[in-house]
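*Asks:*
There are 2 protein chains.
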Amino acid sequence: MTETMTNPVLINGQWTKSLASQHFCASNPSIREEIPRDFPVSPWSEIDQALTAAAEASRLMRNWSGSRFAEFLEAYATEIEARADELVAAAHEETALPLSPRLADVELPRTTNQLRLAAAASRHESWREATIDTSSGIRSMRGPVGPVVVFGPNNFPFAFNGIAGGDFAAAIAAGNPVIAKGHSSHPETTRIFAEAALAAIESADMPRALVQLIYRTTHDDGYRLVSDSRIAACGYTGARSTGLKLKAAADAAGKPIYLELSSINPVFILDGVLNQRLDETVDEFVGSCLMGAGQFCTNPGLVVVSDNDAGQKFAGAVAERFMAATPGTMLSEGVCRAFGESIEVLTKAGADLLAGGQTGGGTGVSFANTLLAVSGTEFLRQPETFQTEAFGNGALFVLADSVDQMEEIAENLEGNLTGCICSATDGSDDAAYDQLEPVLRTRVGRLLNDKMPTGVAVSPSMNHGGPFPATGHPGFTAVGIPASVPRFAALYCYDNVRPDRLPRLLQDASPGANVWRNIDGQWSTGDVG
Amino acid sequence: MTETMTNPVLINGQWTKSLASQHFCASNPSIREEIPRDFPVSPWSEIDQALTAAAEASRLMRNWSGSRFAEFLEAYATEIEARADELVAAAHEETALPLSPRLADVELPRTTNQLRLAAAASRHESWREATIDTSSGIRSMRGPVGPVVVFGPNNFPFAFNGIAGGDFAAAIAAGNPVIAKGHSSHPETTRIFAEAALAAIESADMPRALVQLIYRTTHDDGYRLVSDSRIAACGYTGARSTGLKLKAAADAAGKPIYLELSSINPVFILDGVLNQRLDETVDEFVGSCLMGAGQFCTNPGLVVVSDNDAGQKFAGAVAERFMAATPGTMLSEGVCRAFGESIEVLTKAGADLLAGGQTGGGTGVSFANTLLAVSGTEFLRQPETFQTEAFGNGALFVLADSVDQMEEIAENLEGNLTGCICSATDGSDDAAYDQLEPVLRTRVGRLLNDKMPTGVAVSPSMNHGGPFPATGHPGFTAVGIPASVPRFAALYCYDNVRPDRLPRLLQDASPGANVWRNIDGQWSTGDVG
């Protein structure tokens, strides 16, 4: 294939020439030039084929054991590692994210680690929470929900990619085929993943429609896709506006859709901690806020400090550091433009500009590191406007006149992925902590103490989720295995079903020494009885 | 209060005179007469007061231990038992459901049992699935989601009542205040519950807004209620049309809403079982289908048998029994009218009438026990129309020309709460079972063998749920404790939170000998480490 030909799509295990009449190319943000590789905007007829193939694969795999999916996921991780250099080069070209530390040594290992953790969960099957009630003769477990479509975001070309990231791994681990909708900003990265996935499908002898790839659709076809009768559930990570439209379409059709939308990740930094460790706190905040040009879902975009000497000194120190640091290259012209628009919304509403505020200053697509400030009273006058997400290397400081005002600010927060309270170790902030924590607790998925929110560990106890509009449901997490897997499951209950007809996991004999089941209210790895 | 005065509403612990300009009365379906007790259609101002009080109660209870809620639930169950005679009399007058076996000896004990099981779950806290990852320093558990509104249905005045039933018990057990929206067909029953709840609130020293009661709202205010910023989640059991409108409103506001809507509960009766035990199967089916005038969510409304001698003999025997049995009294004129309309839809589409088809024949509001039949080929021509729910004492038989056709029928089924396959014990139906089971499995929440679906045990392994449109999410159950409780929870994650600031459940020391926690991947009742 030459680079002027349009790339084919992956439908039912075949790289299929697209019938697209519209095409697109990605750009290299480091040099602000289009990358001459042509990708299709698939017409509905192609999506329709993928849907039919996914439904057929789902039917075929209905009673397959988790180990089949584990074998695929492990083979896929190995294929990805074999093509690591290619993937890293493509992702770097398409996103300008640093090779190291990031794409090569952080995000790619994290991605293969997620796939292997998902494999372990799938093999293990404890995530299914087999529940056996011997007195009623009723047994239940989580089973596959059916074909899943996954939309990946622009900011994690590996770890959240629709064809390789967390939602993908969770959907496969639950036993479902996936139709991946690649992100338009890194199609070549996604294409290489799809080749690796196809190789793994072949080596693990899975249905060829287990993983399919569409690079892009029209908006209307996107809504049609998530609400199609052949789709059972959807995962989406990305911008709020698009996410809410997909949610409306999926909701109307009664399909679960798991969203990870915007989040400004409020950080409350109390007086005592600024007295105890001002310089370290400046370091930690600046590092967290500017890392990856601030293009993280958990970037600390809203900082609340006291409007006193300590708070002003902190804001001043951060502003200096922001001005001194070279801004990172942003993911795309679109991200840069949206960031500038958000900054404008905030300044027009009355925020003061302490640093930055204009495009440029870095390599390629860039925007000056931007720090804004507003008083607590002003914030509370327009709390919605001052929670406008500015996705990028910037933050809004709120200077509060009292802890009571901090509490009122917390009460006015929308749902967020994370919320942090930094407090002194000498007890001087404890009263303020106790006042703020209960309020912040209900507005965020992950509550942190004394550290910035940008690291998202893949831990069984992680919650990368939170109340609307950070996500669409406060009970689920998009990161963390096995916790993210049940999103793509249905509850399968068996009532009076004859013992030999039960799934192995629900039969009396223990399905394995590592498999936890809830038997008559007690968790056990043993046999029934 | 005389009976001509409008009943007050329960807002923030006070029986408050309603400012309603509209009122309503319930009817006694046994004698088809209005019951002269006047209840208000609350204006928004009243609902608004309830919302504010619920939000305040939710804030107050944020960190309360489960035992506080358990004490309330147990006190409430005791109060209900003390007023059992009153409740049973009111419910019988308002619904015509039999005193025994049903209201006095089945549904009321089931209701208090559910409340006590919910109390045990709340005290126990295993349902929170505390998850501790010692290596990352991240710990998480389920916490209260916030104020919940519960809409109860007409057909279970006790066990699904918005102020006493399964959704109510689950929402309280999770630590949330509840605004109950009573069903208009049994307001007096609901009023007595509210008095009992208030007494329990007082004796257990709970916030007075823990339980509030609105009897009725306008449709628009209902949509506004479920989408209000002070509401965190909603439970609804009832008609599909209303449920879908509430769902649209809640979805648009990003609020989880748990629905239990229509279900026709398909039953496949295979040839062998009719050969082995025709008479018993007729008995079981007729008993299940006509019990409570068929007004159960799990009533078997669609029966698939072979179009052969055995199938026709079965249909004929059921028709005879339907004609011989006196129809039960229905819940209301509206239910009777809707049943007749659905029968008309089915006959107009081509179903043959084998029995019944007209109103009357029983005491008060009644409709003849109605049996319809259609060929498999006809069914497959209009599968949606032939899945029209006829809520009442009737069923549609589908006479299939082959097991392949049965499978095709199963493939065309919408989501249902239950699905059943009755097969012979001599192995003669095993091939057909193996062909049908995988298809039916993904279309129902609870899969049964060899028994009718109308019993819904309150078991930890129960799934009273299923794919849309039976419910709004295939992963949740409305019945079964603790399984129904997490619907009203959010995932609370703590990252690097100092040990003494963690909820007791997430601290190193075991919170109790019966409390299961997942520590580094293993379920345990012990300490961390």
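Just so you know, the sequences run in chain order V and B. No gaps in the numbering here: position 401 of the first sequence is 400 in numbering that gives the first Met the number 0, and each next residue is one more. No gaps in the numbering here: position 260 of the second sequence is 259 in numbering that gives the first Met the number 0, and each next residue is one more. Glycine residues also receive a C-beta, built at the ideal position from the N, C-alpha and C atoms.
Ends of the beta strand (DSSP E) at Phe38 (chain V)?
*Replies:* It spans Phe38 to Val40 - the beta strand (DSSP E) in which Phe38 (chain V) sits, taken as one unbroken run.
*Asks:* Could you work out which residue in V:Arg336, V:Glu340, V:Leu371 and V:Cys335 is closest to Leu352 (chain V) when comparing CA atoms only?
*Replies:* The option with the nearest alpha carbon to Leu352 (chain V) is V:Leu371.
*Asks:* Taking contact to mean at least 3 C-beta pairs separated by less than 8 Å, is the stretch 143 to 155 of chain V in contact with the stretch 116 to 133 of chain V?
*Replies:* No, the stretch 143 to 155 of chain V is not in contact with the stretch 116 to 133 of chain V.
*Asks:* So for Arg516 (chain V), helix, strand or coil by DSSP?
*Replies:* Strand, per DSSP.
*Asks:* So, for Glu458 (chain V): in the same chain, excluding its five sequence neighbours on each side, which residues have a beta-carbon less than 8 Å away from its beta-carbon?
*Replies:* Sequence inspection shows Ser at residue 458 (chain V); the Glu mentioned does not correspond to that position. Gly479.
*Asks:* When the Cβ atoms of the stretch 466 to 477 of chain B are set against those of the stretch 491 to 507 of chain B, are three or more pairs found closer than 8 Å?
*Replies:* These segments do not touch.
*Asks:* Please classify Gln21 (chain B) as buried or exposed, where buried requires at least 16 neighbouring CB atoms within 10 angstroms.
*Replies:* Flag for Gln21 (chain B) reads exposed.
*Asks:* Might you give, ordered along the chain, the residues of its own chain that have their beta carbon closer than 6 Å to the beta carbon of Phe38 (chain V), omitting 5 neighbours on each side?
*Replies:* Asn6, Phe23, Pro186 and Tyr214.
*Asks:* List the endpoints of the continuous alpha helix (DSSP H) containing Cys288 (chain B).
*Replies:* It spans Asp270 to Leu289 - the alpha helix (DSSP H) in which Cys288 (chain B) sits, taken as one unbroken run.
*Asks:* Using the DSSP secondary-structure output, state which residues sit across from Arg138 (chain V) in a beta bridge.
*Replies:* Per DSSP, V:Ile131 and V:Tyr493.
*Asks:* Taking all protein chains shown into account, do 16 or more other C-beta atoms lie within 10 angstroms of the C-beta of Leu9 (chain V), making it buried, or fewer, making it exposed?
*Replies:* By the neighbour-count rule (16 or more Cβ atoms within 10 Å), Leu9 (chain V) is buried.
*Asks:* Return no unless some Cβ of chain B is closer than 8 Å to the Cβ of Phe475 (chain V).
*Replies:* Yes, Phe475 (chain V) counts as interfacial toward chain B.
*Asks:* Just the C-alpha distance for Val443 (chain V) and Gly464 (chain V), rounded to the nearest angstrom, thanks.
*Replies:* Each residue's alpha carbon lies about 8 Å from the other.
*Asks:* Are the beta-carbon atoms of Glu211 (chain V) and Ala163 (chain V) separated by less than 8 Å?
*Replies:* Going by the sequence as given, residue 211 (chain V) is Gln instead of Glu. No, they are not a contact pair.
*Asks:* Residues in its own chain within less than 8 Å of Glu2 (chain V) by CB, not counting five upstream and five downstream?
*Replies:* In this prediction, Glu2 (chain V) scores a pLDDT of 43, lower than 50, which makes its location untrustworthy; the coordinate-derived value is nonetheless stated afterwards. Pro35, Arg36 and Asp37.
*Asks:* Between which two residues does the alpha helix (DSSP H) carrying Val144 (chain V) extend?
*Replies:* Premise fails: Val144 (chain V) is in no alpha helix (DSSP H) and is neither H nor E.
*Asks:* What number of angstroms, rounded off, separates the C-alpha of Ile30 (chain V) from the C-alpha of Thr362 (chain V)?
*Replies:* Taking the straight line joining both Cα atoms gives about 8 Å.
*Asks:* For Thr51 (chain B), collect the residues of the same chain with a Cβ closer than 8 Å to its Cβ; drop the 5 residues on either side in sequence, then sort them by chain order.
*Replies:* The answer, listed in chain order, is Arg229.
*Asks:* Mind checking who Cys421 (chain V) pairs with in its DSSP beta bridge?
*Replies:* Beta-bridge pairing links Cys421 (chain V) to V:Ile268.
*Asks:* Skipping 5 residues on each side, what residues in its chain have a beta carbon closer than 6 Å to that of Trp126 (chain B)?
*Replies:* Only Ala120, Pro481 and Val484 meet the Cβ criterion.
*Asks:* Would a check of beta-carbon distances place Thr51 (chain V) closer than 8 Å to chain B?
*Replies:* Thr51 (chain V) does not count as touching chain B.
*Asks:* Within 8 Å (strictly less), CB to CB, does His472 (chain V) reach chain B?
*Replies:* At least one chain B Cβ lies under 8 Å of His472 (chain V).
*Asks:* Of all the residues that make up the stretch 441 to 458 of chain V, which are near chain B by a beta-carbon distance shorter than 7 Å?
*Replies:* If the cut-off is 7 Å between Cβ atoms, the stretch 441 to 458 of chain V has Thr441, Gly444, Arg445, Leu446, Leu447, Asn448, Asp449, Lys450, Ala456 and Ser458 near chain B.
*Asks:* Just mark Trp63 (chain B) as buried or exposed, buried being the case when its beta carbon has 16 or more other beta carbons within 10 Å.
*Replies:* When all chains shown are included, Trp63 (chain B) counts as exposed.
*Asks:* Could you give the uninterrupted runs of the beta strand (DSSP E) lying entirely in the stretch 184 to 231 of chain B, keeping only those of 3 residues or more?
*Replies:* List check, beta strand (DSSP E) in window: 210 to 213.
*Asks:* Tell me the start and end of each unbroken alpha helix (DSSP H) in the stretch 294 to 319 of chain V that is at least 4 residues and wholly inside, in chain order.
*Replies:* If we require 4 residues or more, the stretch 294 to 319 of chain V turns out to have no alpha helix (DSSP H) run fully inside it.
*Asks:* Expressed to the nearest angstrom, what Euclidean distance is found between the alpha-carbon atoms of Ser422 (chain V) and Pro498 (chain B)?
*Replies:* If I take the Cα positions, the gap works out to 14 Å.
*Asks:* Counting contacts by CB-CB distance shorter than 8 Å, is Leu490 (chain V) in contact with chain B?
*Replies:* So, interface residue.
*Asks:* So, using beta-carbon positions, are Arg141 (chain V) and Ser66 (chain V) closer together than 8 Å?
*Replies:* No, the Cβ-Cβ distance between Arg141 (chain V) and Ser66 (chain V) is not below 8 Å.
*Asks:* Using only the alpha-carbon positions, how far apart do Trp43 (chain B) and Ser183 (chain B) sit?
*Replies:* For Trp43 (chain B) and Ser183 (chain B), the distance between alpha carbons rounds to 17 Å.
*Asks:* With respect to the alpha helix (DSSP H) encompassing Ile10 (chain V), which residues constitute its N-terminal and C-terminal limits?
*Replies:* Where Ile10 (chain V) is concerned, there is no enclosing alpha helix (DSSP H), although the beta strand (DSSP E) it sits in stretches over Val8 to Ile10.
*Asks:* According to DSSP, is Gly539 (chain B) part of a helix, a strand, or is it coil?
*Replies:* The structure shown does not extend to residue 539 (chain B), since chain B spans only 0 to 528, so no value can be given for it.
*Asks:* Can you name the residues of chain C whose CB is closer than 9 Å to the CB of Pro485 (chain B)?
*Replies:* Reference to chain C is not applicable here, since the protein chains of this structure are V and B.
*Asks:* Chain B beta carbons: is any one of them nearer than 8 Å to that of Glu2 (chain V)?
*Replies:* Since pLDDT at Glu2 (chain V) reaches only 43, below the 50 mark, its modelled position is unreliable, and the value read off the structure follows with that caveat. Not an interface residue.
*Asks:* Based on the DSSP output, what are the partners of Tyr257 (chain B) in its beta bridges?
*Replies:* In the DSSP output, where bridge partners are listed per residue, Tyr257 (chain B) has B:Gly234.
*Asks:* Using the Cα positions of Leu447 (chain V) and Thr133 (chain V), report the straight-line distance between them to the nearest angstrom.
*Replies:* Cα to Cα, the separation comes out at about 42 Å.
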